[in-house]
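Okay, so here's the structure we're looking at.
Number of protein chains: 4
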Amino acid sequence: MEICTIGGYEQVGKNMTAVKVGDDVIIFDAGIYLPPLIELQEQENNIKYSEEMLRRIKAIPNDLVLDKLGWTNKVRAIVIGHAHLDHVGGLPYLAHRYPNAEIIATPFTMEVFQSILNDEKISVKNKLTRIKANSTYHIKGSKGKLKIEFIHTTHSTIQCVFALWCSDEGGIFYGLDFKIDQKPVMGEPFPFGKIKELGKNNSVKCLIIDSLYSDTDRRTASERIARNLLEDAMSSVRNKDKAFFITTFSSHIARLKSIVEFGRKTKREIIFLGRSLNKYVYAANNVGMCPFIKKIKLMKYRRQVDSFLKKLNKDRGKYLVVCTGHQGEKGSILDRISKNQTSFRFKNGDNLIFSSSIIPAQENISAREKMDKKLRSLGVRLQTDIHVSGHGGREDLRDLIEMLKPRHIIPAHGSLKQEAPMVDLSVELGYKFNENIHLSSNGKIIKI
Amino acid sequence: MEICTIGGYEQVGKNMTAVKVGDDVIIFDAGIYLPPLIELQEQENNIKYSEEMLRRIKAIPNDLVLDKLGWTNKVRAIVIGHAHLDHVGGLPYLAHRYPNAEIIATPFTMEVFQSILNDEKISVKNKLTRIKANSTYHIKGSKGKLKIEFIHTTHSTIQCVFALWCSDEGGIFYGLDFKIDQKPVMGEPFPFGKIKELGKNNSVKCLIIDSLYSDTDRRTASERIARNLLEDAMSSVRNKDKAFFITTFSSHIARLKSIVEFGRKTKREIIFLGRSLNKYVYAANNVGMCPFIKKIKLMKYRRQVDSFLKKLNKDRGKYLVVCTGHQGEKGSILDRISKNQTSFRFKNGDNLIFSSSIIPAQENISAREKMDKKLRSLGVRLQTDIHVSGHGGREDLRDLIEMLKPRHIIPAHGSLKQEAPMVDLSVELGYKFNENIHLSSNGKIIKI
Amino acid sequence: MEICTIGGYEQVGKNMTAVKVGDDVIIFDAGIYLPPLIELQEQENNIKYSEEMLRRIKAIPNDLVLDKLGWTNKVRAIVIGHAHLDHVGGLPYLAHRYPNAEIIATPFTMEVFQSILNDEKISVKNKLTRIKANSTYHIKGSKGKLKIEFIHTTHSTIQCVFALWCSDEGGIFYGLDFKIDQKPVMGEPFPFGKIKELGKNNSVKCLIIDSLYSDTDRRTASERIARNLLEDAMSSVRNKDKAFFITTFSSHIARLKSIVEFGRKTKREIIFLGRSLNKYVYAANNVGMCPFIKKIKLMKYRRQVDSFLKKLNKDRGKYLVVCTGHQGEKGSILDRISKNQTSFRFKNGDNLIFSSSIIPAQENISAREKMDKKLRSLGVRLQTDIHVSGHGGREDLRDLIEMLKPRHIIPAHGSLKQEAPMVDLSVELGYKFNENIHLSSNGKIIKI
Amino acid sequence: MEICTIGGYEQVGKNMTAVKVGDDVIIFDAGIYLPPLIELQEQENNIKYSEEMLRRIKAIPNDLVLDKLGWTNKVRAIVIGHAHLDHVGGLPYLAHRYPNAEIIATPFTMEVFQSILNDEKISVKNKLTRIKANSTYHIKGSKGKLKIEFIHTTHSTIQCVFALWCSDEGGIFYGLDFKIDQKPVMGEPFPFGKIKELGKNNSVKCLIIDSLYSDTDRRTASERIARNLLEDAMSSVRNKDKAFFITTFSSHIARLKSIVEFGRKTKREIIFLGRSLNKYVYAANNVGMCPFIKKIKLMKYRRQVDSFLKKLNKDRGKYLVVCTGHQGEKGSILDRISKNQTSFRFKNGDNLIFSSSIIPAQENISAREKMDKKLRSLGVRLQTDIHVSGHGGREDLRDLIEMLKPRHIIPAHGSLKQEAPMVDLSVELGYKFNENIHLSSNGKIIKI
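Residue numbers (numbering that gives the first Met the number 0), protein chains in the order written: chain A, 0 to 447; chain B, 0 to 447; chain C, 0 to 447; chain D, 0 to 447.
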């Protein structure tokens with residue numbers, strides 16, 4: 000069994016891993032890395048996205064390594080674990096290189112993938128296979144069927160799966176992006192039973208594991224906690240003639256559901272503003288997982304948004320606005336409002352809830368500090384960090400390993416500094432560094 | 000109106016404030032400051048507590064300043080806001096100085112006061128008056144009745160009250176130790192209606208306000224959040240033959256209630272160990288606020304505790320132990336166990352939940368770091384910080400001021416550094432430093 | 000004696016304090032506060048400076064309070080302690096309001112003041128009086144002479160003085176911006192003898208004191224240390240064909256002197272680039288304190304600078320460039336180079352020394368992080384923080400108070416949070432809060 | 000070439016590395032790890048040191064791995080780089096296992112080794128070889144001479160060397176514990192010439208490198224800086240009738256030299272107190288590197304020390320005391336004084352300089368916080384952190400690698416978290432993780 004750690008092993012982003020057993024290769028995830036793109040956007044307008052450009056600025060994984068290895072033609076499938084851009088966002092530019100590989104994902108993830116294809120006007124010829132969580136799928140391999148199990152997991156968007164390739168040489172478990180959530184608000188809780196069963200049967204030879212927060216000495220709280228914090232934050236808004244905004248992650252359907260439910264109690268009309276909110280809400284609806292769509296109004300186009308904001312400026316007590324901009328991103332609704340690029344002006348006593356945390360890059364910290372300072376100076380009442388992360392802490396990771404009992408561990412999802420504490424945790428659990436715990440970097444091969 | 004800020008204005012502890020209107024003085028709180036006591040205990044064994052000794056080490060407020068001011072004989076009442084030691088712990092040693100002052104508190108606070116008197120073998124001759132939250136009480140003053148309103152508030156123990164002295168010169172609102180909690184698990188939610196009514200009527204001339212977390216830019220989460228975190232933490236303990244300990248604040252009756260409720264689901268027998276747990280649980284029961292007392296077994300005496308721990312060591316899967324020691328305090332149950340002073344030994348796979356945060360003094364940080372390190376090295380599975388504070392953040396404080404609309408503000412409950420951000424907040428809200436915001440220090444007088 | 004704390008008591012910037020004894024008022028400092036100006040510059044081009052505009056954005060002290068107090072006509076003198084903009088930068092816009100007040104400063108400070116007047120095309124009619132350190136000067140007061148002593152002090156520019164007004168009601172000591180430096184590289188060491196003599200004679204009734212670093216538990220190191228660090232940093236640059244840049248504070252003449260001396264050893268030609276460097280270097284030269292002027296070439300105008308940078312790009316090993324931009328300021332030489340706005344391009348192996356620290360505002364942190372990241376990605380070898388502050392730490396402040404033995408203390412130069420630790424220090428030294436330590440805010444009066 | 004990273008690759012302490020080329024093994028360093036010993040001392044009195052006990056508590060490197068590898072009999076030499084305990088302190092207990100290996104070190108290092116042997120009453124039969132820096136030595140190998148070059152380096156004690164084994168398979172450079180110091184106060188500056196020469200000749204196949212501060216983005220300052228800081232700190236002590244203490248690292252001979260030189264100016268008699276100061280001062284003197292020994296009085300035995308302290312208590316202005324206790328270590332002079340275990344009592348105005356930094360373990364932080372708090376409460380004037388580290392920062396490490404141009408790099412001296420940034424630095428310099436940068440852990444083998 001050989002594992003090529005293509006991307007996401009030196010940064011948080013552009014996750015991509017290829018596994019080869021015999022003459023068959025399966026790729027897991029094909030994400031994008033946004034910081035170089037954002038930097039470019041600051042310098043140039045009207046950037047034209049292309050595979051060549053994205054490779055040059057290193058925004059997509061350097062999968063050309065597979066050509067050198069002679070693996071490219073052996074790729075039978077590309078499995079995408081969930082709908083976040085650092086897992087699926089590179090695929091539109093890379094899929095054409097693997098025309099015989101089918102793309103496998105849950106329906107929601109596939110919807111998001113297709114909406115990116117539409118937006119970017121890209122078409123792919125690969126076979127698209129929608130699978131369900133807790134199902135088994137067989138891919139045609141060089142010498143027979145390749146069996147993959149998809150196991151439901153809990154994270155911060157819907158229809159997330161772990162993937163387990165049950166190969167002749169043992170199971171390879173792709174365990175990226177999860178926390179152990181017993182009350183996930185939408186979808187099933189974390190599947191303790193299934194995971195333990197795999198552990199008992201000694202099914203897993205190698206675990207590739209989300210190590211982002213392996214250094215934080217905690218169990219990550221449930222989405223239920225975020226829901227309750229949100230309820231308290233929203234019910235503390237009592238000035239009925241003032242504006243009321245909430246901003247959160249567009250892909251976080253469960254969070255949006257909570258917002259709408261508590262929003263209904265305010266008797267305000269609920270308006271969703273911004274392109275990315277549209278994309279994810281419609282994707283969820285297309286797969287039957289948007290119970291709140293009839294209770295909201297969605298606005299996407301700039302003209303429509305600006306016209307609404309003009310109306311809102313006069314009648315601010317009538318609406319609850321859910322919008323983009325929680326990281327202070329350029330061009331987001333909140334960014335445009337705070338820079339006076341729309342007809343709406345925040346006033347003393349208006350309310351703004353950030354159902355998010357600042358992703359700790361200097362860019363975001365600085366953008367949010369400026370935005371927050373400006374809004375506070377106008378008298379806007381801010382409530383920030385009404386949020387719980389979707390990534391497990393050290394104790395979630397410990398639980399997964401203890402239940403799953405893999406023979407080998409490969410820390411993933413971050414830089415060496417973020418992965419190193421995963422080594423310490425593994426050593427605590429009896430593993431040995433450079434024997435059955437393997438630190439890697441982008442483009443390297445691990446043989447087991 | 001003159002306000003003497005006797006104690007708690009240079010440290011977190013020994014809160015005491017006296018207010019004089021005409022010829023009548025009312026004292027609010029009479030707390031103790033523990034660090035000098037703990038330091039003494041490290042150097043000497045068998046310390047005999049006495050007023051003289053506590054004054055010498057500055058563990059109790061220096062109320063002798065009232066003698067100099069000629070206020071001592073004018074003290075008509077001592078009002079205690081809630082049952083924490085930094086509010087009531089100094090009273091046993093000071094009450095005798097004010098024989099004509101009645102001591103006024105809620106039933107639970109009074110129970111705790113009396114249990115300290117019993118433990119320390121002190122008796123006081125003052126009249127003891129039990130009042131209810133949301134009631135009005137009249138004290139005999141020099142020229143007529145003095146009216147005090149007691150307003151329910153939400154904090155981290157039960158039966159906490161704000162006190163408002165409706166004097167001829169305007170209202171003085173003693174607003175220490177609260178957060179705005181809409182779902183407090185036990186007792187009523189924060190009384191928005193009453194507080195707003197006081198603000199509308201312009202009732203409050205001066206607000207003395209808890210400023211401990213005036214520098215933290217947040218609303219403190221509800222006790223409901225702690226309850227949910229606890230539920231998740233407790234349900235994640237699945238190894239049925241291993242020991243299961245929880246430690247929390249002994250006075251936190253609502254938290255203990257949650258622990259017992261989730262504990263019942265484990266089918267383990269629930270045992271409470273430690274003297275301070277006994278004290279608070281019985282006090283709560285005596286006032287009819289301990290719904291869980293029949294579901295637990297309480298052990299107080301060392302022999303009883305040690306005998307139980309011996310049994311536990313053999314039959315570790317049978318019990319859920321709730322005990323003292325969350326700050327690593329010397330002599331607590333966890334301290335004694337971790338130093339091998341009992342027959343119980345923690346083993347690999349045992350569980351320990353800290354439903355608390357470390358109170359950030361070097362002493363505690365160091366004690367807990369040592370304890371945690373030792374326990375981890377034994378393989379004990381720790382879950383820490385399963386907790387939410389009882390003190391409001393900057394946004395809670397902002398809310399209280401905006402609703403109450405006091406004419407003057409006196410930041411309390413902390414050192415100058417902790418009180419200074421309260422000045423900034425007040426300035427944001429239109430107050431002026433040294434005009435109607437008054438920073439003080441222990442023993443000073445403010446005239447309004 | 001009444002003291003009006005006009006500006007600089009709620010921020011680091013726009014220092015201004017007025018003192019009234021009998022019918023005579025003396026103003027100490029009249030600085031500017033740059034952050035609102037910088038913010039404005041980000042939004043608008045070609046800003047026209049005016050008193051009105053600077054008042055509106057709160058960049059200059061609100062000295063209109065003196066009109067309300069009836070003090071304006073009584074101002075006999077404006078004393079400027081040293082040449083930094085937060086002490087002298089507001090004066091050009093305010094001086095006209097006090098036409099009968101003479102402006103008193105050391106020659107270097109006066110040169111800098113006049114160069115600002117020239118740049119901004121402002122003329123003032125006030126009498127300009129140049130005094131020397133360690134001299135006494137008499138101003139005409141309402142009933143006789145007002146005696147002021149000027150005492151040399153050590154800071155991070157040249158010709159800095161403390162001012163002591165020896166009034167009928169006792170001495171008022173204006174003690175802003177100093178550290179106790181025994182080896183200041185340029186100028187005399189800190190005057191222990193004089194300060195102790197004042198203390199012995201009980202000369203000082205009130206001390207207004209720099210409290211910026213009252214919370215840092217240290218003595219600030221001497222400028223000699225910065226000089227040595229610089230020597231090591233500069234001698235570690237060994238690649239002779241690569242570019243070599245140094246950036247530092249333009250007003251820091253002693254530092255520039257060290258740079259030139261060590262620069263001479265590199266055999267490179269030393270070029271100073273940027274307008275503010277020109278301003279301060281010529282001011283120093285005009286007062287005979289620029290021993291290095293013949294060893295450098297100064298370039299000020301953009302065309303001249305750009306032409307030089309073009310040449311440098313081809314012949315990078317020939318020059319040592321001293322330039323502006325250590326805080327990543329917009330429009331500075333380093334900013335323009337790093338944004339490719341000049342013909343010079345940094346390359347792998349080029350050298351850049353920051354003989355400065357980042358002034359901890361989010362704006363600077365973010366600007367420098369971006370700049371540093373970009374430069375590092377080009378392979379530029381950075382050496383940062385080759386610097387020692389000019390403001391004393393807690394131990395310097397303790398020394399000054401212990402030697403000077405003032406009866407009253409007013410913490411200055413910062414926000415409440417920065418001044419509060421000065422109160423703690425004073426309490427340690429036996430002073431009492433709100434008795435003889437006085438916290439203030441902008442526009443308030445303290446009566447002693 | 001095989002390298003066995005025996006100890007110091009998972010902690011800061013017990014450094015030990017074995018290298019095998021053909022049938023010859025050379026061991027570099029054999030240090031001790033103190034924390035488990037200190038922990039033990041807290042629990043038990045009169046601990047008897049033994050190899051068995053030290054192995055059990057993991058205080059010495061687990062070199063039994065060499066038995067398993069069959070290397071033990073092939074060990075030809077044990078080379079010790081310098082005299083610190085984490086490099087030489089394990090050797091007394093391990094040397095007997097390698098009777099045919101000669102022990103090679105500089106004279107000072109050997110003196111310290113022998114003084115430990117004397118103290119612990121251990122004798123070793125190995126041949127002891129004293130070498131000089133910048134010399135070449137040949138060891139008898141299985142098939143011929145093994146050539147080792149010793150290269151002077153700069154650190155925080157005297158006579159430190161890098162060792163380069165010029166083997167048939169290429170050079171192995173043991174580069175632990177250094178900073179690039181151009182003005183080291185004692186001894187020669189860092190040998191740029193020699194290092195560059197090795198780089199030019201392509202002499203180094205593998206570099207084992209001190210990575211302790213690879214995460215700190217700086218060049219470590221020269222010992223000259225510490226000397227100047229010390230001069231300022233000592234000259235700021237002016238109260239001639241008060242006590243004057245300085246504490247520093249006992250092995251830091253250059254620092255002690257500076258202390259004595261500046262101490263002479265105070266006209267006080269200079270007294271050295273404490274056993275470890277004696278050990279290192281005599282070791283330095285024995286090798287002719289203690290120029291100050293005639294200017295001081297050394298006291299070692301408790302009776303002598305206590306008798307002196309009694310005298311000092313009465314005549315405190317007469318002496319300058321240099322003593323142990325800068326980390327608040329139990330049993331040190333400062334510890335005993337601050338706990339009132341001697342006849343000397345610190346009083347208001349006494350002076351204490353810490354020419355050291357706190358080694359950041361919780362134990363030390365806590366011990367020092369307690370000690371400092373107590374001393375401050377007595378009015379002792381503390382000056383802390385009058386110190387510069389002996390370990391290089393990221394820029395020193397970058398310089399060494401750029402000059403030396405090794406083909407492989409093995410980060411050493413710390414935990415994985417401390418070594419991981421060394422990987423990042425190496426990648427910046429063109430190396431590749433898991434190709435020619437090798438992370439290891441205790442007891443592992445790296446084959447090159």
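Backbone N, C-alpha and C define an ideal beta-carbon position, used for all residues, glycine too.
Given a length threshold of 3 residues, each whole run of the beta strand (DSSP E) inside the region 328-415 of chain A is given here in chain order: 350-354, 380-382 and 407-411. The three-state secondary structure of D118/D, taken from DSSP, is helix.
E268/D has a beta carbon lying at 8 Å or more from every beta carbon in chain C. In the same chain as M233/A, and ignoring 5 residues on each side of it, the C-beta atoms closer than 6 Å to its own belong to F261, in chain order. When rounded, the separation of the alpha-carbon atoms in K124/D and I224/D is 42 Å. In chain order, F27, V78, G80, I147, F149 and Y173 place their CB closer than 7 Å to the CB of A162/C, counting only its own chain and leaving out the 5 sequence neighbours on each side.
In the DSSP assignment, A17/D falls within the beta strand (DSSP E) that extends over M15 to V20. If you keep only unbroken alpha helix (DSSP H) runs of at least 4 residues inside the region 191-271 of chain A, you get 191-199, 222-234 and 252-263.
As the crow flies, the alpha-carbon of G7/A is around 16 Å from that of A82/A.
Within the region 368-386 of chain D, contact with chain B at the beta-carbon level (separation under 8 Å) is assigned to E368 and K369.
The region 187-202 of chain C makes no contact with the region 198-218 of chain D: fewer than 3 CB pairs, one atom from each, lie closer than 8 Å. From the beta-carbon of L415/C, the residues of chain B found nearer than 7 Å are A419, V422 and D423.
Sequence-ordered contacts of the region 217-233 of chain B with chain A read R217, R218, A220, S221, R223, I224, N227, L228, E230, D231 and A232 [C-beta pairs closer than 9 Å].
In chain B, no part has a C-beta under 8 Å from the C-beta of S155/C; the shortest such distance is about 27 Å. Looking at L228/A, S388/A and I269/A, the one whose alpha-carbon comes closest to that of G316/A is I269/A. E50/A carries a helical assignment under DSSP once its states are collapsed to helix, strand and coil.
Think of a sphere of 7 Å around the beta carbon of Q181/B: the chain A residues whose beta carbon falls inside it are D231 and S234, in chain order.
Within chain D, the residues S365 and E368 have their CB atoms less than 7 Å from the CB of Q361/B, given in chain order. DSSP, read as helix, strand or coil, puts I31/A in coil. Distances from the alpha-carbon of V160/D to those of A104/D, M185/D, T4/D and V184/D put A104/D closest. H137/D: member of the beta strand (DSSP E) spanning S134 to K139, first to last residue. Interface with chain A (8 Å Cβ-Cβ cutoff): K278/D is excluded. Excluding the 5 residues flanking it on each side, C165/B has same chain C-beta neighbours closer than 8 Å at K146, I147, E148 and S202, in chain order.
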